[in-house]
Each structure stands twice: as C-alpha cells, then as structure tokens.
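*Asks:* After the structure tokens below, expect a handful of questions from me.
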Amino acid sequence: MVAVQTTRDEVVIQQGEMLSGGATDNFYVVDSGTFHIFRDMRANNHAVGWKPPAISDAISESLASKMNLRPEAVNVKTVVSRFSSWEDSEHVKLVQMRERGDAFGELGLMYNQPRQASVVCSSDTAKLWALPRKVYREISITDAMDTRNAISRALKAISILKGLEQARFDQIADAFVEMHFEAGQKVVSHGEIGAALYIILKGSINQVLPDGVVMGTLQRCDYFGMRSLLSDEPRAYDVLATTPVVLAKIERKTLIEITGPLTELVEMSFTREVLSNVPLLSHLSEHEREAILEECTHREYQPGEVIIRQNEPGHSFFIVKEGEVQCFVNQKHVKTYGPSEYFGERALLRDEPRAADCIALGRVTAILLEREEFVKLLGPLQLQLDYKIMKDTLRTAPLFRYLSSSERETVLNAFQSVDFSEGDLLFREGDPGVSFILIREGEVRIFRGEAQLAEAMQGLVTTQGVESTAILVQDFCKNHFELRCFVVNGRIEHLIYSTCERVDPDGYLRDFVKLERSAAISTWFANDSVAMEDAERKASRLVRHWLTWLRCRSAEPTVAFRCDLLITRAGPGKAEVHTLELTEMGFSMLAWPEGPHTVFNALIDSFFADIEPNAADQSFLAASPRQGRKAEEAP
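Using UniProt numbering, the first residue of the sequence shown is number 1, and each one after it goes up by one.
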C-alpha cells in the first residue's frame, strides 16, 4: 500500500470520474484525519441496469482485515451537520463521512463504474493508505472464491440438496448473505422461530441448551438451522459466537424461490437416506441409487388395508413414510414397521412367495419400488451384489490383501453358493477349518463359549485399582460410536466422541479413535446433525437418571463419574442411546487432559463440604483464592 498525504478541501475522488487504469484508481483506507463524501443529486453515473450489491461492504471489510486494520474499517456514519464549500450548491449533498479505520472507493474498482460521489478531505491534514486497483481485485477475487468454496462445501453435506443439478446448486450458493458477529454475541436464541440456514465462513460458535450445557462447537464449513427451513418449530438452543464470526445466511423463502417446495426435496432426501441404509443395496454406487430414486412412487393405504399378503408372489419393495405397518406370520404379530423402516426388499431379487402379511395400522403413506423397474435399471441384481460383495471382501480381507487382481479373480471363480437354514451349524469350535465363508444374506452368530465371557469379567473386576460393586451384561447393541460423558458435581463437563475400529481375533475391541463433534457427524452419522442433536438430548436425560440412581445408592455425595453410552443413528433425525458402562471415581481420563485437575479439585472440595469451620478456618478460607463450586444438576 502507498501512503497519501492530503489537506483540507483536497479532492481525493471526483464524482463521475471514469477509471483509467492510472494512479488515481485506488481503494483507500483512512489512517488519520476525516473525509466528507458529497453527491451531486442531479448526476446519474450508473450504467444501465447496474446497482451496487450488498456484498461490497463485506468484501471491503475483508480487505481491511487483511491489511491489519480494525474490523470497523467500513462502518458508514451518517452526517447531519453540513459544513464546507462543497455545500454552496443546493444540489450537492453531504451524505457520509469517513474517519480513521474507515475505507472508501471499492464499488468503482469492483464493477468498473464511474465514481458515484466525491470524497474531500475535511480536516487540516489527513493520511490515507491507497491500494491499487489491480491488487484490490486480486484480493477481492481470492476472498470471494474462498467464501464461495466454504458455502459450496457445506451445501454438499446437506442431504436434502443432493441430487440438485449444478445450475440450481450454484444459484443457492450465490443467494447467501454474509453476517458478522463479535465474540460472545448471540446469533440465534432458544425458543425463537427461525427460518434461515447458517454456514460458518470464519470463526466458531457454541450450541448451548437453556440449562447452559454446550451441546457442540461448530467451525468453518459447518452449518446449523436446517430444521428451521423445514418447519416453524422454536429453536432448540442458543447459538453463541466464541470468536469473531463470519456467517453466510439464506432465508427459507429465498431457498424456496430457487428450488421450489422444500417438501419435495425432503421426500427425495428421506427416500435416498433409507435406500442408502438397506443392506441389499449397500454395494450399489451413488449414481445407481439416484437412478432407483427416480423410479420410486408414493401410495396411501387406509387403516386395516392389506399391503402384502403371505404366500402371494412379491413384486414391490416398500418404505414406510408415514404411519405404522403391522407384520404377521401365520396370523401371529411379529413386528411393527414405522417411518423410515422398510420391508419386502427380497422381491427385488427374485420371484418368491411373501413370508408375511403386512397390514396398515391407521393411515399409511408408503414409498414403492417395483421389481420390474428395478431390473430395467440395473439388470438381475443378485449377480451384481454377489460379485461386488465378494470382490470388496477379498480386497480388504487380510488373507487375500496381497493377491494381485488376477489372482483374486481366480479365487472369486472358486466360490460356490450354499444355503443354510436357521439353526444350522457352520463351524464347531475345536474342529479343523477347511473352508472360507462369505455371508451373502442373513446373519451368523459366533459363540466362543461362556468361559470367554467369564474370564473377561473376572479380569475386569480384579484389575488393580478397580473396585466394582456390580457388573450387568444384558445384550449386544449395534452402534455407530461411543459417547463418553464426564460428570463432575452433577454437571457434564466434557464429551468424547469415539469408537474402536476393529475387533481382534480374541473378540476384544482395538484401535481407539476419537473425533471432534463435526467429524463424528460426517463420519459416523452420514452428516445428519439433527440425529446427533437427538442423541445428545437423550444422552443428557440418561445421564441425569444415572446421577439420580447413584445419589440414591449412597449418603455420600457423587463427586464425579463417567457414563459411556452407545449411540446409534436409527434413521433420519433419530438416534438411539444405550448405556455401555457407568464408573464412579475410578474412570480413565486419558482422552480428557484437563480431567484430572478438574476432578481432583472437586474431590478435595467435597472433603470439606460438611465441615463447620472455626474462626481460624474462616479467616484462612476468606484469604484463599479457591472456593468450592456449588454442584449443579446434570443437564
């Protein structure tokens, strides 16, 4: 940048002046002094159809920030008093002023338009920093591209927007408006009715429940407010800026103008999500699933209407969109299907009799996929699935990992299809192994005997430093990850999102992985932030119940405990939470570096909580900088 010295009444920019590529084609930042901006109301220097876009101030602010100037560099101050020789004409109006840290001159540089006003020095002396047009445009383009990339990256993670053509996608990205918030400022409030989606461009925010619990921290390219686009329900939490934040915002009405009714996008997203979770279709490519999606139709069923009948040929696959469907085998109720659940998928593979009656319980809306249309798109599916499953398994199985492609093809051709009935024994423990099995469909349970479980439990309770009063083993629970909740003085102080990536040959979990919340959502929850919010709410309630149980078990205060929960994404926007482990005081804090200090202080405080101090003690406590913290209920 170049320093420019000016004096009173010196004209820096002249209204109507055309940009020539010369020394005066600059963007200016005020270092000292003041400047008045005048406009001749008779002049019309706009090009036909041109109007200054709202984004210009945001770009100027970004430029000023890059030049290490204060953030208020483009604040516009409206001036009421008028003083200077420029007021001699009744048509020339003083419209704005600029002072230290402010900027001007960006519109003409950005859009190659004549200068829209005159800028005159109004102090005895003043100093400007001038940025040439070429440099300004390079910085502006880089900054605009950076913003656009952040918006596009976030939009691609939003499930209801998948499948939109690129032109429509670009329209949405262009419709966002930038917003700026200071650290500590509230972005949205709990209970208010929202109708906007926000994307974080810079900085970070916290999602805070009414009781003060921080449910998550979002950073660049994360988004929030998706549910407010779909319904008028109140906001579930406050959103607070933890640093200076730049957000991109789009209103519901703007999005609808571009995409049409959001309900159609939601329905497509709903169906897409269910299809992605159908094991039968898991090996299809995204393009193949999108083609299937186009062939799905909707149908409504009245209460008591038979959807499929046992022993009749099956030709359709069903997804429950609304309502419930009861399933009967030989007139015995065996299962009830709810929204986002599916049935009849075997009809896509082969013509075989239906295994059950399925009857609408109340009014039901279902999504149907006919086998005929399915086969037209993909051909005989069973052969494709068998081949893809075997090929993927051989590529990743340790036994075949180092074979060449041609060698794996030879192994593939050696496989034979074998059917087993429920209860058939595949292997017996202790017998020599003579075959390698890939499971094409169905489930196989592996038993290593009760001795292994007893040995593991015995090892747990006899570990040095562990004092266990109870171990309850109920059942195996499918899950996507483990949520570790550290509770101190009745309050959740820390959350860890983790999992173990493999089970070793002895059946033990190995390869511990810990992710930040946003990464956990994208990696384990298919970018379903609503389901993660549901999981966290249920986890909070479950921890509160366990806290009550612990307090009832002992007259002594429950200072600290760790509650490990198994989290399962049960469907779009839904989660299931199960208790894995509850440990009081003797828990590991390796993944929480601040944990030992926090827990130890709380433990020391609890020692003295019930002691009535004497006069000497009171004097000591009054002089001490540390004070015990009052325990709060878990959120």
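Where a beta carbon is used, it is the ideal one built from N, C-alpha and C, also for glycine.
Between which two residues does the beta strand (DSSP E) holding Asn-489 run?
*Replies:* As a first step, residue 489 must be located in the sequence shown, where it is residue number 489. Run containing Asn-489: none; DSSP gives neither H nor E here.
*Asks:* If you follow the beta strand (DSSP E) that Gln-207 is part of, which residue opens it and which one closes it?
*Replies:* Here the question's residue 207 lines up with position 207 in the sequence shown. Looking at the DSSP string, the run of the beta strand (DSSP E) that includes Gln-207 is 205-208.
*Asks:* Between the C-alpha atoms of Tyr-28 and Ile-193, what's the straight-line distance to the nearest angstrom?
*Replies:* As a first step, residue 28 is located in the sequence shown; it is residue number 28 there, counting from the start. As a first step, residue 193 is located in the sequence shown; it is residue number 193 there, counting from the start. Taking the straight line joining both Cα atoms gives about 41 Å.
*Asks:* Does DSSP put Ser-606 in a helix, a strand or coil?
*Replies:* Here the question's residue 606 lines up with position 606 in the sequence shown. Residue state, collapsed to three classes: helix.
*Asks:* Taking contact to mean at least 3 C-beta pairs separated by less than 8 Å, is the stretch 31-38 in contact with the stretch 111-126?
*Replies:* The stretch 31-38, when compared against the stretch 111-126, does touch it at the 8 Å Cβ threshold.
*Asks:* Taking all protein chains shown into account, decide if Lys-51 is buried (16 or more other Cβ within 10 angstroms of its Cβ) or exposed.
*Replies:* Taking the sequence shown and counting its residues from 1, the one referred to as residue 51 is at position 51. Note on Lys-51: pLDDT 35, under 50, position unreliable in the model; the coordinate value appears next. Exposed is the call here.
*Asks:* What residue range does the beta strand (DSSP E) around Leu-94 cover?
*Replies:* Numbered from its first residue, the sequence shown carries residue 94 at position 94. Element bounds for Leu-94: 92-98.
*Asks:* Span of the alpha helix (DSSP H) holding Ser-522?
*Replies:* Counting from one through the sequence shown, the residue named residue 522 turns up at place 522. Where Ser-522 is concerned, the enclosing alpha helix (DSSP H) stretches over 517-524.
*Asks:* His-480: buried (16+ other C-beta within 10 angstroms of its C-beta) or exposed?
*Replies:* On the sequence shown, position 480 is the one that residue 480 refers to. The residue is buried, with at least 16 neighbouring Cβ atoms inside 10 Å.
*Asks:* In chain order, what residues of the same chain have a beta carbon less than 6 Å from the beta carbon of Ala-54, not counting five sequence neighbours either side?
*Replies:* Within the sequence shown, residue 54 is the residue found at index 54, counting from 1. At Ala-54 the pLDDT is 36, less than 50, meaning the model places this residue with poor confidence; the figure from the coordinates comes in the next sentence. Excluding positions up to five away in sequence, the list is empty.
*Asks:* Can you check the UniProt domain "Cyclic nucleotide-binding" (160-265) for any beta strand (DSSP E) of at least 3 residues that lies completely inside it and give the ranges in chain order?
*Replies:* As far as the UniProt domain "Cyclic nucleotide-binding" (160-265) is concerned, its whole beta strand (DSSP E) runs of at least 3 residues are 177-181, 186-188, 196-202, 205-208, 214-218, 238-241, 245-251.
*Asks:* Return yes when the Cβ of Ile-492 is within less than 8 Å of the Cβ of residue 641, no when it is not.
*Replies:* Past the edges of the chain, shown from 1 to 635, lies residue 641, and the structure says nothing about it.
*Asks:* Using only alpha-carbon positions, find the residue among Val-92, Leu-582, Glu-443 that is nearest to Ala-539.
*Replies:* Here residue 539 refers to the residue found at position 539 of the sequence shown. Among Val-92, Leu-582, Glu-443, the Cα nearest to that of Ala-539 is on Leu-582.
*Asks:* Helix, strand or coil: how does DSSP classify Asp-301 here?
*Replies:* Position 301 of the sequence shown holds residue 301. For the record, residue 301 in the displayed sequence is Tyr; it is not Asp. In this structure, Tyr-301 counts as strand in the three-state DSSP scheme.
*Asks:* Identify the continuous beta strand (DSSP E) that holds Glu-322 and give its terminal residues.
*Replies:* Numbered from 1 along the sequence shown, position 322 holds the residue referred to as residue 322. 316-329 is the extent of the beta strand (DSSP E) around Glu-322.
*Asks:* Ala-117 lies in the beta strand (DSSP E); which residues open and close that run?
*Replies:* By 1-based counting over the sequence shown, the position of residue 117 is 117. Premise fails: Ala-117 is in no beta strand (DSSP E) and is neither H nor E.
*Asks:* From Gly-184 to Val-239, what distance separates their C-alpha atoms?
*Replies:* Start at 1 with the first residue of the sequence shown, and residue 184 comes out as number 184. Start at 1 with the first residue of the sequence shown, and residue 239 comes out as number 239. In a straight line, the C-alpha of Gly-184 is about 10 Å away from that of Val-239.
*Asks:* May I have the straight-line CA-CA distance separating Ile-367 from Tyr-342, to the nearest angstrom?
*Replies:* In the sequence shown, residue 367 corresponds to position 367, counting from 1. In the sequence shown, residue 342 corresponds to position 342, counting from 1. Rounded to whole angstroms, Ile-367 to Tyr-342 spans 9 Å at the Cα level.
*Asks:* Starting from residue 692, follow the alpha helix (DSSP H) in both directions and report where the run begins and ends.
*Replies:* Given a span of 1 to 635 for the chain in the structure shown, any question on residue 692 remains unanswerable.
*Asks:* Considering Val-411, what are the terminal residues of the alpha helix (DSSP H) in which it resides?
*Replies:* Here residue 411 is taken as the residue at index 411 of the sequence shown, counted from 1. Run containing Val-411: 405-413, per the alpha helix (DSSP H) assignment.
*Asks:* Can the beta-carbon of Asp-9 be found closer than 8 Å to that of Arg-100?
*Replies:* As a position in the sequence shown, residue 9 is number 9, starting the count at 1. As a position in the sequence shown, residue 100 is number 100, starting the count at 1. Not a contact, by the Cβ cut-off of 8 Å.
*Asks:* Can you give me the C-alpha to C-alpha distance between Arg-289 and Phe-169, rounded to a whole angstrom?
*Replies:* The sequence position of residue 289 within the sequence shown is 289, counting from 1. The sequence position of residue 169 within the sequence shown is 169, counting from 1. Computed Cα separation, rounded: 20 Å.
*Asks:* At what residues does the beta strand (DSSP E) containing Leu-293 begin and finish?
*Replies:* Position 293 of the sequence shown, counted from the start, is the residue given in the question as residue 293. It is not in any beta strand (DSSP E) - Leu-293 instead sits in the alpha helix (DSSP H) that spans 286-295.
*Asks:* How long is the line joining the alpha carbons of Arg-401 and Lys-391, rounded to whole angstroms?
*Replies:* Counted from its first residue, the sequence shown places residue 401 at position 401. Counted from its first residue, the sequence shown places residue 391 at position 391. When rounded, the distance between both Cα atoms is 11 Å.
*Asks:* Roughly how many whole angstroms lie between the Cα atoms of Ile-205 and Cys-500?
*Replies:* Stepping through the sequence shown from its first residue, residue 205 is reached at position 205. Stepping through the sequence shown from its first residue, residue 500 is reached at position 500. Answer to the nearest angstrom: the Cα atoms are 29 Å apart.
*Asks:* What are the partner residues of Ile-367, as DSSP defines its beta bridges?
*Replies:* Translated into the one-based positions of the sequence shown, residue 367 becomes position 367. Paired residue(s): His-298, Ile-319.
*Asks:* For Val-444, which residues from the same chain have a beta carbon less than 7 Å from its beta carbon, with the 5 sequence-adjacent residues on both sides left out?
*Replies:* Counting from one through the sequence shown, the residue named residue 444 turns up at place 444. Closer than 7 Å at Cβ, skipping near neighbours: Leu-426.
*Asks:* Grab me the residues of Gly-49's own chain with a C-beta within less than 6 Å of its C-beta, minus the 5 sequence neighbours each way, in chain order.
*Replies:* Taking the first residue of the sequence shown as 1, we reach residue 49 at position 49. Because the pLDDT at Gly-49 is just 32, under 50, the model does not fix this residue reliably, and the point stays unresolved.
*Asks:* Please state if the CB of Leu-218 and the CB of Ile-200 are separated by a distance shorter than 8 Å.
*Replies:* For the purposes of this step, residue 200 is taken as the residue at position 200 of the sequence shown. For the purposes of this step, residue 218 is taken as the residue at position 218 of the sequence shown. In this structure, Leu-218 lies closer than 8 Å to Ile-200 by Cβ.
*Asks:* For Ser-32, report the span of its beta strand (DSSP E) as first-last.
*Replies:* Stepping through the sequence shown from its first residue, residue 32 is reached at position 32. Looking at the DSSP string, the run of the beta strand (DSSP E) that includes Ser-32 is 26-32.
*Asks:* My assumption, with CB atoms under 8 Å, is that Ala-531 sits in contact with Lys-574. Please give the rounded CB distance.
*Replies:* Position 531 of the sequence shown, counted from the first residue, corresponds to residue 531. Position 574 of the sequence shown, counted from the first residue, corresponds to residue 574. Right, their Cβ atoms sit about 6 Å apart.
*Asks:* For the putative contact between Tyr-237 and Met-215, defined by C-beta atoms under 8 Å, what is the C-beta separation to the nearest angstrom?
*Replies:* As a position in the sequence shown, residue 237 is number 237, starting the count at 1. As a position in the sequence shown, residue 215 is number 215, starting the count at 1. Indeed they touch by this definition, with Cβ atoms about 6 Å apart.
*Asks:* Assuming residue 643 is part of the beta strand (DSSP E), what are its boundary residues?
*Replies:* As shown, the chain starts at 1 and ends at 635. That puts residue 643 outside it, with no answer to give.
*Asks:* Can you check which of these residues, Arg-309, Ile-319, Glu-324, Asn-311, is closest to Gln-302 by C-alpha distance?
*Replies:* As a position in the sequence shown, residue 302 is number 302, starting the count at 1. Closest by alpha carbon: Glu-324.
*Asks:* List the DSSP bridge partners of Phe-104.
*Replies:* Looking up residue 104 in the sequence shown gives position 104. According to DSSP, Phe-104 bridges with Tyr-28.
*Asks:* DSSP on His-36, reduced to helix/strand/coil?
*Replies:* Mapped onto the sequence shown, residue 36 falls at position 36. DSSP places His-36 in strand when its eight states are reduced to three.
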